[in-house]
Amino acid sequence: MENKKFYITTPIYYPSDKLHIGHTYCTVATDAMARYKRLQGYDVMFLTGTDEHGQKIENKANEAGVTPQQFVDNIVEGEKGVKDLWKLMNISYDRFIRTTDDYHMTSIQKIFKKMYEKGDIYKGSYKGKYCTPCESFWTESQLKDGCCPDCGRPVTDAEEEAYFFRLSKYADKVRDLLENTDFLLPRSRVNEMVHNFIEPGLEDLCVSRTSFKWGIPVDFDQKHVVYVWIDALFNYTTALGFLNDRYDDSDYNKYWPADVHFVGKEIVRFHSIIWPAMLMSMEMPLPKHVYGHGWLLLDGGKMSKSKGNVVDPYLLAERYSADALRYFLLRDFPFGSDGNFSNELLINRINTDLANDLGNLLSRTTAMANKYFEHSLPAEQASGKEDEDIISMAGALRGKYEAHMEKYAFQSALAEVFAVIARANKYIDETAPWTLAKSEETKPRLARVLYNLAETLRICTVLLTPFMPDSCVKIFDQLGVPSELRTWESAAEFGLMSKNASLCKGENLFPRIDAAKELAELEALQEAKKAAADTEENAKETNTNMPAPMEITDHEEEISFDDFCKIEMRVCKIMNCEAIKESKKLLKLSVFDGERERCIMSGIAKWYKPEDLIGKNIGVVVNLAPRSMMSGKYVSEGMIFAADTTDGDASIAFYNDDTVGMRIH
Ligand code: MSP
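Heads up, the sequence shown is in my numbering, so the first residue is 784 and it goes up one at a time.
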């Protein structure tokens, strides 16, 4: 009988910079899922890759003085590049796609043409703000102080010929898909999509640009390049040979539709609205699930190269092992929600779970087998009343684990395994093997205790294999587990190992970390990085010529209308603005709220110069309780509106003069 299929993907990453721990998180989760399905006997296709076109890459390459192709080649294939990172992290992908691969480009041209011929892509005009010297189109919201964000010069209204995808045509079908199926997971993401994007009305999507070249040309109208998101999304099918001859399209027939796309929450919109709409247009089957995972945050905010706060997975994996890092990422953070990364959490997790609980259990078990029985347990064994609990827990573990894994709840699956490991450690205390070893009479009981420990460890290790593949092989070896007992099937049953199990104490797999020392060292390394980032001229992401992405928001808890009315927001004029010597981050603003001037301290110094702000009108929350800052030297009496951009930058909206003092609702 043919194996069941399982097709899983990561997003394809932008090779505009080295990848960080956030990217690693998603890839490690996908890898764990792929390995879990392989363990279960599925025929798995695991795809990852890189999304290499677009204005940002073109700009970055220009800055670096190399061609875009050279630029991406270096980040993808170069030393400590994307592929090296995945090798270090032990990522078992089956296929790696680069959107600059010829076969992919050919397929995308055919796909674009198909939708055009069908009438779902049509030629129209794209209205925006144009900066003549930069030859760039901008949307209103991308302008800085009403001017071109690149060069600061004035812009003019302009129109440009462009192709559009009839997204509006598919709005009802997409809504139905989101609301009435389990296409988008976790369920909590559905409301956000429907509320923010579908209900306000889906507009047709601009899917071609003419103002930069680094993209896939529309083959029947060469001055246009295909919108990067069409180029990117269809990777999931072109990598299977869809409309190309690089791969036999039998892979497409075999694996498509995907079982699940794992994607970060900010790109859920592309995967749950635009992607199914385009597949509907192409009359292709839809993926079974899109899972929108949360972000790893640092100090509560998004990691960004420009803040100099990206966490380097390379450094951590080389220091603590890929397995320890993989385990930590999937054990500490619930996959569907955001989590705050810190070195302290990482080190604590390694010390408590891996060094203490798992590491100790293994070394105590094997050491006792060595010491009391010279490795091999005798067949004569005696059960005891303490056995029942541990045997039933270990026997039931696979079922519980599977239920969590099927819901992509890695954290809970691992918690179940470690509950059994903790139980096994307690079992050692309860049975006190060192006392049993004192008399020949109790040796059969001692043998049984060690056997039970080895069996419990065996079952746990099978289930930990998708998370820590290398370490698990070493654990199996120390426990003398034959290959047929390292399988998914064998994890369902307690007592399968031969009673004469032969155990052998080996290397310490998870050495304890000196937390204070390591934290100090990591901090020093990170400070050095931050300093480097501060001095570096931070080239901003300008995937600008694409239509502005709809705002992606991270929603707070719902509040009542009455609560909302308590927030007083007004347009205020910035009368004065200055940097302060005590802080590099803060600017001190003096704003007029229509009645009086108030002082506001705002952490925007990195993005705005005081002289650029004076005279501008901004939105301010004016009834926030005053806050004393810099040891009481300043009192801030309000909060200005600034959007967090996807880069981690801040962007302030400005208002016209005739609105100063007006309330904002
Ligand atoms: N190229 C697009 C994806 C196209 S898929 C057809 C893209 N690339 S990206 O490099 O910017 O991001 C790739 C993935 O990394 C996204 O899913 C994103 O959510 C994830 N992460 C980037 N930073 C992250 C964290 N700090 N935490 C968790 N995941 C985050 O978007």
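No residue lacks a Cβ here, since even glycine has one placed at the ideal position from N, Cα and C.
(request) Evaluate residue 948 with the Cβ neighbour count: other Cβ atoms within 10 Å of its Cβ, from every protein chain shown; 16 or more gives buried, anything less gives exposed. (result) For this step, residue 948 is matched to residue 165 along the sequence shown. That one is buried.
(request) Give me the Cα-Cα distance between residue 1148 and residue 1271, rounded to the nearest whole angstrom. (result) Residue 1148 sits at position 365 when you count from the first residue of the sequence shown. Residue 1271 sits at position 488 when you count from the first residue of the sequence shown. Between the alpha carbons of residue 1148 and residue 1271 lies a distance of about 23 Å.
(message) On the CB-based measure, 16 or more other CB atoms within 10 Å of its CB, does residue 974 come out buried or exposed?
(response) Mapped onto the sequence shown, residue 974 falls at position 191. By the neighbour-count rule (16 or more Cβ atoms within 10 Å), residue 974 is not buried but exposed.
(request) Use the C-beta contact count for residue 1018: other C-beta atoms within 10 angstroms, 16 or more gives buried, fewer gives exposed. (result) Here residue 1018 is taken as the residue at index 235 of the sequence shown, counted from 1. By the 10 Å Cβ count, residue 1018 comes out buried.
(message) Can you tell me whether residue 1253 is helix, strand or coil according to DSSP?
(response) For the purposes of this step, residue 1253 is identified with residue 470 of the sequence shown, where counting begins at 1. Looking at residue 1253 - three-state DSSP - the assignment turns out to be helix.
(message) Is there a Cβ of chain D sitting closer than 8 Å to that of residue 1291, yes or no?
(response) The displayed structure is made up of one protein chain only, and chain D is not part of it.
(request) Quick one: using the 10 Å Cβ neighbour count with 16 as the cut-off for buried, is residue 799 buried or exposed? (result) As a first step, residue 799 is located in the sequence shown; it is residue number 16 there, counting from the start. Buried.
(message) Excluding the 5 residues flanking residue 1302 on each side, which residues of the same chain have their C-beta closer than 8 Å to its C-beta?
(response) To locate residue 1302, count along the sequence shown from 1; it is residue 519. These residues qualify, in order along the chain: 1126, 1127, 1130.
(request) Apply the 10 Å Cβ neighbour rule to residue 1254 and answer buried if 16 or more other Cβ atoms are within range, or exposed otherwise. (result) On the sequence shown, residue 1254 is found 471 positions in, with the first residue counted as 1. Buried.
(request) Could you say if the region 1108-1125 and the region 802-815 meet the contact criterion of at least three C-beta pairs nearer than 8 Å? (result) yes
(request) May I ask you to check if the CB of residue 795 is nearer than 7 Å to at least one heavy atom of ligand 1? (result) In the sequence shown, residue 795 corresponds to position 12, counting from 1. At least one heavy atom of ligand 1 is nearer than 7 Å to the Cβ of residue 795, so yes.
(request) Starting from residue 1402, trace the beta strand (DSSP E) both ways and give me its first and last residue. (result) Stepping through the sequence shown from its first residue, residue 1402 is reached at position 619. Where residue 1402 is concerned, the enclosing beta strand (DSSP E) stretches over 1400-1404.
(message) Please state the DSSP three-state secondary structure of residue 962.
(response) Taking the sequence shown and counting its residues from 1, one reaches residue 962 at position 179. Secondary structure of residue 962 (DSSP, three-state): helix.
(message) Any heavy atom of ligand 1 closer than 7 Å to the beta-carbon of residue 1420?
(response) If you number the sequence shown from 1, residue 1420 lands on position 637. No, ligand 1 has no heavy atom inside 7 Å of this Cβ.
(request) Compute the Euclidean distance between the alpha carbons of residue 1100 and residue 804, then round it to the nearest angstrom. (result) As a working note, residue 1100 is residue 317 in the sequence shown. As a working note, residue 804 is residue 21 in the sequence shown. Cα to Cα, residue 1100 sits roughly 10 Å from residue 804.
(message) Quick check: is any heavy atom of ligand 1 less than 7 Å from the C-beta of residue 1078?
(response) In the sequence shown, residue 1078 corresponds to position 295, counting from 1. Because some heavy atom of ligand 1 lies under 7 Å away, the Cβ of residue 1078 counts as near it: yes.
(message) I'd like to know whether the C-beta atoms of residue 1292 and residue 1242 end up nearer to each other than 8 Å.
(response) Counting from 1 along the sequence shown, the entry for residue 1292 is found at position 509. Counting from 1 along the sequence shown, the entry for residue 1242 is found at position 459. Cβ atoms of residue 1292 and residue 1242: not closer than 8 Å.
(message) Once DSSP output is grouped into helix, strand and coil, what is the label at residue 818?
(response) For the purposes of this step, residue 818 is identified with residue 35 of the sequence shown, where counting begins at 1. Helix, per DSSP.
(request) From the DSSP output, in three-state form, read off residue 967 for me. (result) Translated into the one-based positions of the sequence shown, residue 967 becomes position 184. In the structure shown, residue 967 sits in a strand (DSSP, three-state: E or B).
(request) Find out if the Cβ-Cβ distance for the pair residue 872, residue 1109 is shorter than 8 Å. (result) In the sequence shown, the residue the question calls residue 872 occupies position 89. In the sequence shown, the residue the question calls residue 1109 occupies position 326. Closer than 8 Å, so yes.
(message) Rounded to whole angstroms, what is the Cα-Cα separation between residue 1208 and residue 1140?
(response) Start at 1 with the first residue of the sequence shown, and residue 1208 comes out as number 425. Start at 1 with the first residue of the sequence shown, and residue 1140 comes out as number 357. Rounded to whole angstroms, residue 1208 to residue 1140 spans 7 Å at the Cα level.
(request) Thinking residue 788 and residue 1037 are a contact (beta carbons under 8 Å), I'd like their distance in whole angstroms, please. (result) As a first step, residue 788 is located in the sequence shown; it is residue number 5 there, counting from the start. As a first step, residue 1037 is located in the sequence shown; it is residue number 254 there, counting from the start. That pair is a contact at about 6 Å.
(request) Assign residue 970 to one of two classes, buried (16 or more other C-beta atoms within 10 Å of its C-beta) or exposed (fewer than that). (result) As a first step, residue 970 is located in the sequence shown; it is residue number 187 there, counting from the start. Answer is exposed; the Cβ neighbour count stays below 16.
(message) Using only the alpha-carbon positions, how far apart do residue 1443 and residue 828 sit?
(response) Sequence index remark: in the sequence shown, residue 1443 carries index 660 (1-based). Sequence index remark: in the sequence shown, residue 828 carries index 45 (1-based). Taking the straight line from one Cα to the other gives about 58 Å.
(request) List in chain order: all unbroken alpha helix (DSSP H) runs of 4+ residues lying wholly within the region 1357-1408. (result) 1393-1396
(message) Using the Cβ count rule (16 or more neighbours within 10 Å means buried), how would you classify residue 1177?
(response) As a first step, residue 1177 must be located in the sequence shown, where it is residue number 394. By the neighbour-count criterion, in which 16 or more other beta carbons inside 10 Å mark a residue as buried, residue 1177 falls on the buried side.
(message) When you compare the region 1161-1176 with the region 1187-1198, are there three or more beta-carbon pairs, one atom per stretch, that lie closer than 8 Å?
(response) no
(message) Quick check: the Cα distance between residue 1040 and residue 1068, rounded to an integer number of angstroms?
(response) Taking the sequence shown and counting its residues from 1, one reaches residue 1040 at position 257. Taking the sequence shown and counting its residues from 1, one reaches residue 1068 at position 285. Spanning the two alpha carbons is a distance of roughly 6 Å.
(message) Given a cut-off of 8 Å on the beta-carbon distance, is the pair residue 1362 and residue 1370 in contact?
(response) Taking the first residue of the sequence shown as position 1, residue 1362 is located at position 579. Taking the first residue of the sequence shown as position 1, residue 1370 is located at position 587. Going by C-beta atoms, residue 1362 is nearer than 8 Å to residue 1370.
(request) Could you please give the first and the last residue of the uninterrupted alpha helix (DSSP H) stretch that includes residue 1151? (result) Taking the first residue of the sequence shown as position 1, residue 1151 is located at position 368. 1143-1156 is the extent of the alpha helix (DSSP H) around residue 1151.
(message) Starting from residue 1103, trace the alpha helix (DSSP H) in both directions and tell me its first and last residue.
(response) On the sequence shown, residue 1103 is found 320 positions in, with the first residue counted as 1. Its alpha helix (DSSP H) spans residues 1096-1103.
(request) Give the DSSP bridge partners of residue 921, in chain order. (result) Taking the first residue of the sequence shown as 1, we reach residue 921 at position 138. BP columns for residue 921 point to 912.
(request) Can you give me the Cβ contacts of residue 1436 inside the same chain, cut-off strictly under 8 Å, excluding the 5 residues immediately before and after it? (result) As a position in the sequence shown, residue 1436 is number 653, starting the count at 1. Excluding residues within five positions, the ones whose Cβ falls inside 8 Å are 924, 1401, 1402, 1424, 1426.
(request) Name the residue from 1203, 1170, 951 whose alpha carbon lies nearest to the alpha carbon of residue 1183. (result) Translated into positions along the sequence shown, residue 1183 becomes position 400. The shortest Cα separation from residue 1183 among 1203, 1170, 951 belongs to 1203.
(request) Compute the distance between the beta-carbons of residue 1011 and residue 836, then report whether it is under 8 Å. (result) In the sequence shown, the residue the question calls residue 1011 occupies position 228. In the sequence shown, the residue the question calls residue 836 occupies position 53. It is a contact, given that the beta carbons lie within the stated cut-off.
(request) Determine the DSSP secondary structure at residue 1355, reduced to helix, strand or coil. (result) Walking along the sequence shown from the start, residue 1355 turns up at place 572. DSSP places residue 1355 in strand when its eight states are reduced to three.
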